[in-house]
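Each residue of the sequence shown is one higher than the one before, starting from 1 at the first, in my numbering. Virtual Cβ for every residue (Gly too), placed ideally from N, Cα, C. Heads up, the thing below is written out as structure tokens.
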Amino acid sequence: MIDPDDKISSRQLYIMIISILIGVNTLIMPRFMTEVAGVDGWILPITSGLIVIFNMYLLVRINSAFPNLTFIEYSEIIFGKVLSKLLSSGLLLYFLLITSINIRLFSSAIKPFLIPRTPIEILLLSTLIIPAYLIRHGIEPIARFNEYITMPALIFLAIPLLLTVSLPHFDLGNILPVFNSGLYKITQGSLIGYGASSFLGLEMMYLLYPYIKSSDRDKVLSATISGITTVVVIFVSFVAFTIAAVGYVELGYMTWPIISILSSIEVPVLERIGSLFIAIWATISFTTTLVLTFVGNGLGLAHFFNYKEFKQLILPGMVPPYFLALLPGTIDKAFRLMRYINYIGKFYLIILPIILFITFKLKGLDKKVE
Numbered sequence: 001m002i003d004p005d006d007k008i009s010s011r012q013l014y015i016m017i018i019s020i021l022i023g024v025n026t027l028i029m030p031r032f033m034t035e036v037a038g039v040d041g042w043i044l045p046i047t048s049g050l051i052v053i054f055n056m057y058l059l060v061r062i063n064s065a066f067p068n069l070t071f072i073e074y075s076e077i078i079f080g081k082v083l084s085k086l087l088s089s090g091l092l093l094y095f096l097l098i099t100s101i102n103i104r105l106f107s108s109a110i111k112p113f114l115i116p117r118t119p120i121e122i123l124l125l126s127t128l129i130i131p132a133y134l135i136r137h138g139i140e141p142i143a144r145f146n147e148y149i150t151m152p153a154l155i156f157l158a159i160p161l162l163l164t165v166s167l168p169h170f171d172l173g174n175i176l177p178v179f180n181s182g183l184y185k186i187t188q189g190s191l192i193g194y195g196a197s198s199f200l201g202l203e204m205m206y207l208l209y210p211y212i213k214s215s216d217r218d219k220v221l222s223a224t225i226s227g228i229t230t231v232v233v234i235f236v237s238f239v240a241f242t243i244a245a246v247g248y249v250e251l252g253y254m255t256w257p258i259i260s261i262l263s264s265i266e267v268p269v270l271e272r273i274g275s276l277f278i279a280i281w282a283t284i285s286f287t288t289t290l291v292l293t294f295v296g297n298g299l300g301l302a303h304f305f306n307y308k309e310f311k312q313l314i315l316p317g318m319v320p321p322y323f324l325a326l327l328p329g330t331i332d333k334a335f336r337l338m339r340y341i342n343y344i345g346k347f348y349l350i351i352l353p354i355i356l357f358i359t360f361k362l363k364g365l366d367k368k369v370e
């Protein structure tokens with residue numbers, strides 16, 4: 001099942017982590033970060049990032065004990081067959097749901113700004129079919145796509161455009177005083193609120209470890225921490241700049257805060273800044289769907305059903321996300337559905353790694369592996 005030539009380096013893992021986290025959720029992040037923490041919304045990526053780094057440390061430790069197995073296989077050793085099947089099924093269901101809501105939000109974001117007359121059904125279909133070709137070629141081409149297209153678009157276009165255009169409108173008074181919302185709300189926002197939700201997608205680490213080059217596996221933890229830290233810096237910058245530009249109260253009335261703010265700013269040389277930004281961001285967000293679909297529909301299903309070849313599962317696996325993405329009739333319903341899906345994701349991101357590690361230690365499996 002694991003092609004020895006279809007593996008990624010630790011550097012490519014670092015880029016893939018950034019790519020899966022910097023998606024369409026970033027466009028709505030300021031609104032939901034300030035929903036609980038108010039003016040301190042920019043602090044949530046830092047506190048949530050620290051929590052996630054700790055959990056990823058635990059998960060990488062366990063993965064390294066079973067280097068040629070995914071969670072679907074080694075969870076049976078740790079939890080037993082019945083609980084393992086239940087948790088693995090839940091993980092695959094989660095990937096299905098998060099892929100569905102991701103493509104729906106992605107299509108809803110680009111439709112009004114770039115292609116308003118295109119039916120949402122066509123956008124959803126395109127968002128799923130286009131990645132299918134690349135996914136069928138394996139993880140290494142996906143990693144190279146992220147490396148050569150996504151990262152340059154992020155570093156040289158999206159971030160400079162946002163910071164340059166919004167910097168003149170930056171009002172430091174809008175993000176002061178620090179810790180005004182109190183420790184309880186910051187903690188609540190970090191664990192239960194959108195803080196932890198912004199790091200959903202890292203659940204791919206349950207399945208990716210065997211697909212990392214053996215020579216680079218000792219660098220997986222450092223690559224993971226570096227990737228999360230980079231994302232934290234980007235998230236803090238985006239949330240802080242949007243709060244500073246319009247204030248946290250105003251953000252609560254914006255569906256797509258970053259695009260709305262950029263669209264309201266007039267630049268003499270450039271017109272339709274919001275549309276330009278969303279066009280660049282569409283390229284970046286595309287990789288989120290790419291990786292989620294590959295991990296869930298490809299690797300996940302193949303390992304769960306013990307298929308030797310995942311390619312034949314890709315196209316059939318595109319059908320459920322398409323129809324599920326059509327279910328929310330409005331963008332508000334999509335946001336509500338996203339909140340419920342996020343609770344499942346937080347279980348796999350925050351809670352399960354701790355349970356997994358404690359059980360792993362109590363059963364003495366670390367000593368048996370050694």
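Out of 241, 204 and 86, which one is the CA nearest neighbour of residue 56?
For the residues 241, 204 and 86, the minimum Cα distance to residue 56 belongs to 204.
With a 10 Å radius around its C-beta and 16 neighbouring C-beta atoms as the bar for buried, classify residue 184 as buried or exposed.
exposed
Secondary structure at residue 370, three-state DSSP: helix, strand or coil?
With a pLDDT of 49 at residue 370, under the threshold of 50, the modelled position of this residue cannot be trusted; read the value that follows with caution. Residue state, collapsed to three classes: coil.
State the CB to CB distance for the pair residue 125 and residue 322, rounded to an integer number of angstroms; the pair is presumed to be in contact (CB under 8 Å).
Taking C-beta atoms under 8 Å as the contact rule, residue 125 and residue 322 qualify, at a distance of about 7 Å.
Anticipated Cβ contact below 8 Å, residue 198 with residue 37, distance rounded:
About 13 Å separates the two Cβ atoms, so there is no contact after all.
Would you kindly check if the distance between the Cβ of residue 49 and the Cβ of residue 228 is under 8 Å?
yes
Rounded to a whole number of angstroms, what is the C-alpha to C-alpha distance between residue 351 and residue 75?
15 Å
Can you grab the Cα-Cα spacing for the pair residue 285 / residue 121, in whole Å?
18 Å
Nearest to residue 421 by alpha carbon, out of 89, 314 and 159?
With the chain running from 1 to 370 in the structure shown, residue 421 is simply not present.
I'd like to know if the stretch 26 to 37 and the stretch 233 to 252 are in contact, where contact means that at least 3 CB-CB pairs between them fall below 8 Å.
yes
Which listed residue (7, 85, 94 and 66) has its alpha carbon closest to that of residue 304
85
Under 8 Å between C-beta atoms of residue 108 and residue 334:
yes
Quick check on this structure: which residue in 14, 245, 162 and 253 has the alpha carbon closest to the alpha carbon of residue 226?
14
Roughly how many angstroms lie between the CA atoms of residue 326 and residue 102, to the nearest whole one?
Looking at the two C-alpha atoms, the distance is approximately 12 Å.
Can you tell me which of the three DSSP states residue 175 falls into?
helix
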